[in-house]
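**Student:** Protein chains in written order, with the working numbering: chain A, 36 to 241; chain B, 36 to 241. Handing you a structure now.
There are 2 protein chains.
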Amino acid sequence: MTASRIAEAEGTDCLRIFLAAMTELVGRTEDEDCLLREGKPLLAALVARDDWLPAAAATPDSQHYQQHLLHCDPLERFSVVSFVWGPGQATPIHDHGVWGLVGMLRGAESCRNYVWHEGSLAPVGSHLLRAGQVLSLSPRHGDLHAVANAHSDRTSISVHVYGANIGAVARSVFDPATGARKPFVSGYANSDIPNIWDRSEAVRRG
Amino acid sequence: MTASRIAEAEGTDCLRIFLAAMTELVGRTEDEDCLLREGKPLLAALVARDDWLPAAAATPDSQHYQQHLLHCDPLERFSVVSFVWGPGQATPIHDHGVWGLVGMLRGAESCRNYVWHEGSLAPVGSHLLRAGQVLSLSPRHGDLHAVANAHSDRTSISVHVYGANIGAVARSVFDPATGARKPFVSGYANSDIPNIWDRSEAVRRG
Ligand SMILES: [Fe+3]
Ligand SMILES: [Fe+3]
Ligand SMILES: [Mg+2]
Chain A
36 MTASRIAEAE
46 GTDCLRIFLA
56 AMTELVGRTE
66 DEDCLLREGK
76 PLLAALVARD
86 DWLPAAAATP
96 DSQHYQQHLL
106 HCDPLERFSV
116 VSFVWGPGQA
126 TPIHDHGVWG
136 LVGMLRGAES
146 CRNYVWHEGS
156 LAPVGSHLLR
166 AGQVLSLSPR
176 HGDLHAVANA
186 HSDRTSISVH
196 VYGANIGAVA
206 RSVFDPATGA
216 RKPFVSGYAN
226 SDIPNIWDRS
236 EAVRRG
Chain B
36 MTASRIAEAE
46 GTDCLRIFLA
56 AMTELVGRTE
66 DEDCLLREGK
76 PLLAALVARD
86 DWLPAAAATP
96 DSQHYQQHLL
106 HCDPLERFSV
116 VSFVWGPGQA
126 TPIHDHGVWG
136 LVGMLRGAES
146 CRNYVWHEGS
156 LAPVGSHLLR
166 AGQVLSLSPR
176 HGDLHAVANA
186 HSDRTSISVH
196 VYGANIGAVA
206 RSVFDPATGA
216 RKPFVSGYAN
226 SDIPNIWDRS
236 EAVRRG
């Protein structure tokens with residue numbers, strides 16, 4: 036079982052095992068239900084522990100939430116980001132356009148879901164995502180939400196997997212009062228990705 | 036043809052197209068001859084132009100040649116590095132253990148090949164690799180060589196593709212006089228990899 040290998044790995048090894056398993060998965064199927072069903076326990080194993088995220092990908096900004104790229108599949112079949120919330124930071128209502136898995140690594144976030152109702156955006160419930168929990172998103176089932184750090188006094192961090200190079204997806208944000216749509220392409224906060232592939236010390240130790 | 040897409044792409048796009056094509060290739064075959072045969076024209080297209088290597092991966096060190104990781108496949112089926120030579124820098128005689136493609140991006144390097152002969156290492160010819168040229172390596176055909184910057188007054192850079200996470204491969208270096216073997220695991224010079232996946236500006240421009 037890959038999930039138990041992720042659970043038992045040393046430090047950053049768990050992220051490498053996770054990325055290997057995701058790469059194997061997207062090479063085997065394009066079926067969204069299968070990707071979400073098989074990806075979810077992998078991400079759950081990854082966010083069940085909080086000893087592996089490189090410090091550079093865990094740093095909040097004083098003004099805005101930060102989306103750090105951890106890995107992009109070269110065929111853009113999936114990407115993995117850390118989402119770092121400073122105290123009280125929040126997103127507007129937004130869509131995703133592709134499947135997603137959100138795993139809470141540290142702290143908590145509150146999510147409010149929306150649907151279109153008679154030309155307006157209507158809230159349809161909200162929930163708290165706590166450390167260790169994972170939720171899935173699909174445009175087929177409605178993927179409009181607004182998310183916020185549930186804490187006003189500390190950083191929260193979630194790890195997201197999306198079915199594309201998410202920073203380059205043409206998406207939308209919405210005005211809650213009018214439903215007006217604005218184009219949104221997130222990009223990434225980081226111009227450098229932590230090099231998690233240098234396993235040379237472990238190989239030298241044998 | 037992917038090679039012509041690499042040739043015609045804008046700036047760093049050519050590296051993304053190359054990595055996508057290599058990912059597709061290792062997903063399709065494990066046959067070494069096929070990997071080398073199909074990989075070679077892709078790398079040739081990439082090193083036919085010198086407008087795409089991120090500056091951080093093109094910086095020499097004053098003392099030693101530098102191997103910068105540009106991309107590691109999460110299943111470790113291949114990795115791509117830039118090899119940056121300061122003036123006059125050189126490697127010892129070494130092996131690789133996996134297939135490799137070496138493409139000369141900037142400047143030139145001189146390669147001297149070796150074979151085992153009656154318990155000693157014997158040189159079997161040397162050649163110059165000039166900008167735009169690509170050579171292939173295979174342990175099946177003998178892969179012992181010593182390489183040096185062909186220039187004593189400037190930086191040279193080659194781009195290498197290997198059939199593994201090359202920084203973590205247990206390899207060997209050899210004493211040319213005695214043939215004595217020493218274990219060698221290269222690691223990587225860089226703790227951060229340039230994030231080449233932020234295509235958001237281009238998507239916003241439409
Ligand atoms: Fe979201
Ligand atoms: Fe070599
Ligand atoms: Mg850096």
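Where is the CB? At the ideal position from N, CA and C, for every residue including glycine.
For residue 159 of chain B, is the classification buried or exposed, using 16 other Cβ atoms within 10 angstroms of its Cβ as the cut-off for buried?
**Tutor:** The residue labelled residue 159 of chain B in the question sits at position 124 within the second sequence. Exposed: under 16 other Cβ atoms inside 10 Å.
**Student:** In the DSSP assignment, the alpha helix (DSSP H) including residue 181 of chain A goes from what residue to what residue?
**Tutor:** By 1-based counting over the first sequence, the position of residue 181 of chain A is 146. Looking at the DSSP string, residue 181 of chain A is not in any alpha helix (DSSP H); the run it does join, the beta strand (DSSP E), is 179-184.
**Student:** With residue 179 of chain A and residue 170 of chain A assumed to form a contact (beta carbons below 8 Å), what rounded beta-carbon distance in angstroms separates them?
**Tutor:** As a first step, residue 179 of chain A is located in the first sequence; it is residue number 144 there, counting from the start. As a first step, residue 170 of chain A is located in the first sequence; it is residue number 135 there, counting from the start. In fact, because the Cβ distance is near 14 Å, the residues do not count as touching under 8 Å.
**Student:** Beta strand (DSSP E) containing residue 191 of chain A: first to last residue?
**Tutor:** Translated into the one-based positions of the first sequence, residue 191 of chain A becomes position 156. Residue 191 of chain A -> beta strand (DSSP E) spans 191-197.
**Student:** Have a look at residue 54 of chain B and residue 120 of chain B and give me their C-alpha separation to the nearest angstrom.
**Tutor:** Counting from one through the second sequence, the residue named residue 54 of chain B turns up at place 19. Counting from one through the second sequence, the residue named residue 120 of chain B turns up at place 85. Distance between the alpha carbons of residue 54 of chain B and residue 120 of chain B is about 23 Å.
**Student:** How far does the beta strand (DSSP E) with residue 144 of chain A in it extend, from its first residue to its last?
**Tutor:** One-based indexing of the first sequence puts residue 144 of chain A at position 109. Residue 144 of chain A -> beta strand (DSSP E) spans 143-152.
**Student:** In the DSSP output, which residue or residues are listed as bridge partners for residue 120 of chain A?
**Tutor:** Position 85 of the first sequence, counted from the first residue, corresponds to residue 120 of chain A. Bridge pairing for residue 120 of chain A: A:191 [DSSP].
**Student:** Is DSSP giving residue 97 of chain A helix, strand or coil here?
**Tutor:** Position 62 of the first sequence, counting from 1, holds the residue named residue 97 of chain A. Residue 97 of chain A falls in the coil class under three-state DSSP.
**Student:** At the level of alpha carbons, what is the spacing between residue 230 of chain B and residue 227 of chain A?
**Tutor:** Within the second sequence, the letter at position 195 stands for residue 230 of chain B. Within the first sequence, the letter at position 192 stands for residue 227 of chain A. Rounded to whole angstroms, residue 230 of chain B to residue 227 of chain A spans 5 Å at the Cα level.
**Student:** Could you tell me whether any Cβ in chain B is nearer than 8 Å to the Cβ of residue 223 of chain A?
**Tutor:** Here residue 223 of chain A refers to the residue found at position 188 when the first sequence is read from its first residue. So, interface residue.
**Student:** Could you tell me if residue 152 of chain A is buried or exposed, where buried requires 16 or more neighbouring beta carbons within 10 angstroms of its beta carbon?
**Tutor:** Taking the first sequence and counting its residues from 1, one reaches residue 152 of chain A at position 117. Answer is exposed; the Cβ neighbour count stays below 16.
**Student:** Terminal residues of the continuous beta strand (DSSP E) containing residue 227 of chain A?
**Tutor:** For the purposes of this step, residue 227 of chain A is identified with residue 192 of the first sequence, where counting begins at 1. Per DSSP, residue 227 of chain A belongs to the beta strand (DSSP E) from 227-229.
**Student:** Which first and last residues belong to the beta strand (DSSP E) in which residue 76 of chain B is found?
**Tutor:** As a working mapping, residue 76 of chain B is identified with position 41 in the second sequence. Where residue 76 of chain B is concerned, there is no enclosing beta strand (DSSP E), although the alpha helix (DSSP H) it sits in stretches over 67-82.
**Student:** Ligand 2 and residue 182 of chain B: does the residue's C-beta get closer than 7 Å to at least one heavy atom of that ligand?
**Tutor:** For the purposes of this step, residue 182 of chain B is taken as the residue at position 147 of the second sequence. For ligand 2, at least one heavy atom lies less than 7 Å from the Cβ of residue 182 of chain B.
**Student:** Within 10 Å of its beta-carbon, does residue 234 of chain A have 16 or more other beta-carbons around it, so buried, or fewer, so exposed?
**Tutor:** One-based indexing of the first sequence puts residue 234 of chain A at position 199. By the neighbour-count rule (16 or more Cβ atoms within 10 Å), residue 234 of chain A is buried.
**Student:** Compute the beta-carbon to beta-carbon distance between residue 142 of chain A and residue 191 of chain A, rounded to the nearest angstrom, for a pair I have assumed lies under 8 Å.
**Tutor:** Stepping through the first sequence from its first residue, residue 142 of chain A is reached at position 107. Stepping through the first sequence from its first residue, residue 191 of chain A is reached at position 156. Beta-carbon to beta-carbon, residue 142 of chain A and residue 191 of chain A are separated by about 3 Å, close enough to satisfy the 8 Å threshold.
**Student:** On the DSSP bridge list, what partners appear for residue 206 of chain A?
**Tutor:** As a working note, residue 206 of chain A is residue 171 in the first sequence. Partner(s): A:219.
**Student:** Looking at residue 223 of chain B and residue 133 of chain B, is the spacing between their C-beta atoms short of 8 Å?
**Tutor:** Within the second sequence, residue 133 of chain B is the residue found at index 98, counting from 1. Within the second sequence, residue 223 of chain B is the residue found at index 188, counting from 1. No. Outside cutoff.
**Student:** At a threshold of 7 Å, does residue 129 of chain A count as lining ligand 1 (C-beta to nearest heavy atom)?
**Tutor:** Taking the first sequence and counting its residues from 1, one reaches residue 129 of chain A at position 94. Under cutoff, so the answer is yes.
**Student:** Any residues in the stretch 37-55 of chain B with a beta carbon nearer than 8 Å to a beta carbon of chain A? Which ones, in chain order?
**Tutor:** 51, 54 and 55
**Student:** Using only the alpha-carbon positions, how far apart do residue 241 of chain A and residue 41 of chain A sit?
**Tutor:** As a position in the first sequence, residue 241 of chain A is number 206, starting the count at 1. As a position in the first sequence, residue 41 of chain A is number 6, starting the count at 1. The alpha-carbon atoms of residue 241 of chain A and residue 41 of chain A are separated by roughly 21 Å.
**Student:** When you compare each of B:173, B:177 and B:144 to residue 157 of chain B by their alpha carbons, which one comes out closest?
**Tutor:** Locating residue 157 of chain B in the second sequence gives position 122, where the first residue counts as 1. Nearest option by C-alpha distance: B:177.
**Student:** I believe residue 58 of chain B touches residue 110 of chain A by the beta-carbon criterion, under 8 Å. Please report the beta-carbon distance rounded to the nearest angstrom.
**Tutor:** Within the second sequence, residue 58 of chain B is the residue found at index 23, counting from 1. Within the first sequence, residue 110 of chain A is the residue found at index 75, counting from 1. So it is a contact: roughly 5 Å between Cβ atoms.
**Student:** So for residue 106 of chain A, helix, strand or coil by DSSP?
**Tutor:** The sequence position of residue 106 of chain A within the first sequence is 71, counting from 1. Of the three classes helix, strand and coil, the one that applies to residue 106 of chain A here is strand, per DSSP.
**Student:** In whole angstroms, give me the CA-to-CA distance for residue 136 of chain A and residue 112 of chain A.
**Tutor:** Against the first sequence, residue 136 of chain A aligns to sequence position 101. Against the first sequence, residue 112 of chain A aligns to sequence position 77. If I take the Cα positions, the gap works out to 14 Å.
**Student:** Leaving out five residues before and five after residue 188 of chain A in sequence, what residues of the same chain have Cβ atoms less than 6 Å from its Cβ?
**Tutor:** In the first sequence, counting from the first residue as 1, residue 188 of chain A sits at position 153. Here the set comprises 122.
**Student:** Using a Cβ-Cβ cut-off of 6 Å (strictly less than) and excluding sequence neighbours within five positions of residue 106 of chain B, which residues of its own chain qualify?
**Tutor:** Counting from one through the second sequence, the residue named residue 106 of chain B turns up at place 71. Answer for residue 106 of chain B: 54 and 115, listed in chain order.
**Student:** Between the Cα of residue 37 of chain A and those of A:67, A:68 and A:76, spot the shortest distance and give me the residue it belongs to.
**Tutor:** For this step, residue 37 of chain A is matched to residue 2 along the first sequence. Comparing Cα-Cα distances from residue 37 of chain A to each of A:67, A:68 and A:76, the minimum goes to A:76.
**Student:** Between residue 150 of chain A and the rest of its own chain, which residues show a CB-CB distance below 8 Å, the 5 nearest in sequence each way excluded?
**Tutor:** Here residue 150 of chain A refers to the residue found at position 115 of the first sequence. Taken in chain order, the residues that qualify are 156, 157, 159, 177 and 179.
**Student:** Taking just the CA atoms, how far does residue 69 of chain A sit from residue 60 of chain A?
**Tutor:** By 1-based counting over the first sequence, the position of residue 60 of chain A is 25. By 1-based counting over the first sequence, the position of residue 69 of chain A is 34. Their Cα atoms are separated by approximately 9 Å.
**Student:** Where do the N-terminal and C-terminal ends of the beta strand (DSSP E) with residue 160 of chain B fall, by residue?
**Tutor:** Here residue 160 of chain B corresponds to residue number 125 of the second sequence, with the count starting at 1. It spans 155-165 - the beta strand (DSSP E) in which residue 160 of chain B sits, taken as one unbroken run.
**Student:** Go ahead and pull the three-state DSSP assignment for residue 173 of chain B.
**Tutor:** Reading the second sequence from its first residue, position 138 is the one you call residue 173 of chain B. Three-state DSSP puts residue 173 of chain B in coil, outside helix and strand.
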